[in-house]
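Right under this line is the structure:
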């Protein structure tokens with residue numbers, strides 16, 4: 101399938117009245133802030149200075165009751181289980197809450213279900229096992245909000261259950277001792293975008309503050325500061341691709357500072373194994389280097405490997421575990437590509453897929469079907485479901501586009517599903533295999549009803565039009581005030597028109613990447629389009645180029661580089677022109 105064309109949407113210029121109220125701001129930065137909806141001088145100052153009103157964790161509905169029960173367990177020496185999820189958000193949340201409770205003297209152990217053997221979230225077998233092992237209290241992190249039947253089972257066992265989660269709630273809340281989720285009805289916390297680890301952090305704050313407030317003056321407190329946990333918060337928040345706005349942005353900003361001087365030997369070893377320079381970890385390093393390695397444990401083996409890495413205080417063990425996660429991540433990449441290719445063949449052979457793409461296979465691996473769905477969604481710009489088909493039950497993972505809320509779509513066919521849950525853009529489910537044909541039919545109908553009148557092409561939102569000669573390290577430093585960037589606070593996307601292509605060639609293995617040298621009469625600028633070597637045939641002498649501005653460091657030399665998102669023939673140049681230098685490979 102040929103690459104889908106992108107719709108370029110250039111932001112409307114900020115009005116003069118807005119620019120006049122912030123004359124001290126660079127015009128490009130001012131334009132980007134306007135695009136982000138920051139129109140008030142106070143809001144702009146707060147955003148740029150990283151000032152966020154810190155919310156009281158006790159405003160989270162259910163937290164006071166949870167802290168009261170947890171403190172009782174601490175006082176009475178009851179066994180506590182922290183029940184997590186097997187992704188990076190869940191593993192960091194599990195690590196964080198276990199560390200907090202142990203610092204408070206708790207008898208606590210982690211429990212993370214096996215992806216294949218147990219599946220996502222609470223399950224009755226695990227709850228029964230924990231009760232038999234003498235646990236009196238189970239606290240979930242990053243899961244449980246739709247576990248209605250499992251909560252009933254826990255109650256029947258005499259097991260107290262506290263649910264902390266951030267996923268979309270279902271039609272009915274579990275009947276637990278306490279439910280903490282900023283998305284639940286009646287919660288007045290004021291920010292619903294926390295990751296699972298963000299919710300766990302607020303719970304940890306509540307515990308630490310309550311324990312410290314009730315310590316005798318002459319006794320030692322927990323010996324753990326809230327800020328000690330922020331490296332885990334940054335890691336899990338970025339990994340889960342929640343909006344990096346408001347509270348999340350500030351948590352990640354502070355967490356990156358902590359991450360770059362983390363005392364955790366496991367994180368130190370992981371960064372070294374992933375090629376992340378100490379002191380230079382940012383959201384990109386988390387998203388593309390650290391989080392995939394943590395996730396690989398739960399995808400291919402056991403998430404407890406990642407938990408052990410984050411928890412260990414032994415350097416040799418940390419080095420060995422980091423190496424193991426690196427190897428698992430390499431294997432994960434290979435298996436994902438195999439699944440993508442097999443699913444793509446199904447999709448291409450089945451034109452009836454229409455507005456929703458589905459692929460299923462007996463040999464698809466449960467741990468990578470979500471990654472495959474994500475890659476196919478990006479490739480076809482359609483919501484995509486990839487299913488590991490089993491003899492009795494099958495497990496599916498879905499990824500979607502902004503126009504189609506995938507979890508709500510699954511809600512529409514919930515009568516066919518054993519369980520499901522997720523977010524707007526990603527979800528998972530379990531289904532009886534015999535129901536797959538009906539599931540396919542009903543999901544296609546849901547997609548047709550919602551998407552048939554829409555233009556399904558990816559939108560490339562452009563913040564500002566610039567000249568190449570405007571670009572320098574000074575501007576880069578100004579734009580870095582927008583950091584940390586990520587979901588819903590993306591790195592600035594700029595457009596340079598009518599660029600003269602001085603050189604165009606492919607680089608990397610099998611010509612994977614497109615390398616350009618561009619100019620508009622000023623100094624030449626290096627540009628790179630990663631994984632877009634096939635664009636070489638599109639290049640002419642004059643091109644409009646959409647990019648993000650970044651630096652490229654090589655052999656101690658630091659240069660500006662344009663990370664190209666898209667390009668097209670400039671309206672100011674005839675199509676017959678060729679670049680000054682066009683090479684098929686290098």
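Numbering (my numbering), first residue to last: 101 to 686.
Built from N, CA and C at the ideal position, the CB exists for glycine as well.
As the structure is a prediction and not an experimental result, all values here were calculated from the model.
Exposed unless 16 or more other CB atoms sit within 10 angstroms - verdict on residue i
i: residue 559; result: exposed
i: residue 557; result: exposed
i: residue 475; result: buried
i: residue 205; result: exposed
i: residue 109; result: exposed
i: residue 381; result: buried
i: residue 250; result: buried
i: residue 453; result: buried
i: residue 430; result: exposed
i: residue 573; result: exposed
i: residue 120; result: exposed
i: residue 415; result: exposed
i: residue 233; result: exposed
i: residue 318; result: Reliability of the predicted coordinates at residue 318 is poor, the pLDDT of 47 falling under 50, and no value is obtained from them.
i: residue 630; result: exposed
Selection from the options that minimises the alpha carbon distance to residue i
i: residue 106; options: 160, 479, 499 and 626; result: 479
i: residue 230; options: 260, 510, 195 and 461; result: 260
i: residue 433; options: 469, 457 and 650; result: 469
i: residue 598; options: 307, 605, 619 and 584; result: 619
i: residue 643; options: 124, 608 and 604; result: 604
i: residue 134; options: 595, 353 and 117; result: 117
i: residue 282; options: 160, 343, 529 and 354; result: 160
i: residue 215; options: 291, 611, 342 and 530; result: 530
i: residue 221; options: 662, 130, 266 and 572; result: 266
i: residue 122; options: 111, 148, 183 and 104; result: 148
i: residue 407; options: 142, 520, 182 and 166; result: 182
i: residue 411; options: 653, 111, 195 and 218; result: 195
i: residue 168; options: 544, 309 and 337; result: 309
i: residue 198; options: 227, 332, 137 and 652; result: 332
i: residue 507; options: 528, 175, 235 and 591; result: 528
i: residue 188; options: 268, 337, 640 and 517; result: 337
i: residue 515; options: 232, 538 and 503; result: 538
i: residue 304; options: 240, 375 and 290; result: 240
i: residue 228; options: 254, 273 and 210; result: 254
i: residue 621; options: 567, 405, 524 and 525; result: 567
i: residue 593; options: 114, 276, 405 and 131; result: 131
i: residue 461; options: 494, 513, 328 and 245; result: 494
Simplified DSSP assignment, three categories, for residue i
i: residue 341; result: coil
i: residue 655; result: coil
i: residue 464; result: coil
i: residue 323; result: coil
i: residue 388; result: helix
i: residue 444; result: helix
i: residue 474; result: helix
i: residue 183; result: strand
i: residue 431; result: helix
i: residue 451; result: helix
i: residue 484; result: strand
i: residue 134; result: helix
i: residue 630; result: coil
i: residue 264; result: strand
i: residue 211; result: strand
i: residue 330; result: helix
i: residue 190; result: helix
i: residue 368; result: helix
i: residue 240; result: strand
Proximity below 9 Å, CB of residue i to CB of residue j
i: residue 422; j: residue 389; result: no
i: residue 509; j: residue 548; result: no
i: residue 191; j: residue 212; result: yes
i: residue 602; j: residue 624; result: yes
i: residue 185; j: residue 140; result: no
i: residue 570; j: residue 262; result: no
i: residue 735; j: residue 498; result: Because the chain here runs from 101 to 686, residue 735 falls outside it and cannot be looked at.
i: residue 477; j: residue 500; result: yes
i: residue 578; j: residue 126; result: yes
C-beta neighbour in chain D for residue i, strict 9 Å
i: residue 535; result: The question asks about chain D, but that chain is absent: this structure has only one protein chain.
Decide yes or no for the touch test of the segment 545–557 against the segment 478–492: beta carbon pairs closer than 8 Å, at least 3 of them. Yes, they touch.
With a cut-off of 8 Å, do at least 3 Cβ pairs link the segment 290–299 to the segment 344–357? yes
Below 8 Å, can you find three or more Cβ-Cβ pairs linking the segment 486–499 to the segment 454–469? yes
I want to know whether the segment 440–450 touches the segment 391–405 - three or more CB-CB distances under 8 Å. no
Three or more C-beta pairs under 8 Å: does that hold for the segment 642–660 against the segment 562–575? yes
How do the segment 194–205 and the segment 243–260 stand: do at least 3 beta-carbon pairs fall below 8 Å, yes or no? Output reads no: the segment 243–260 does not touch the segment 194–205.
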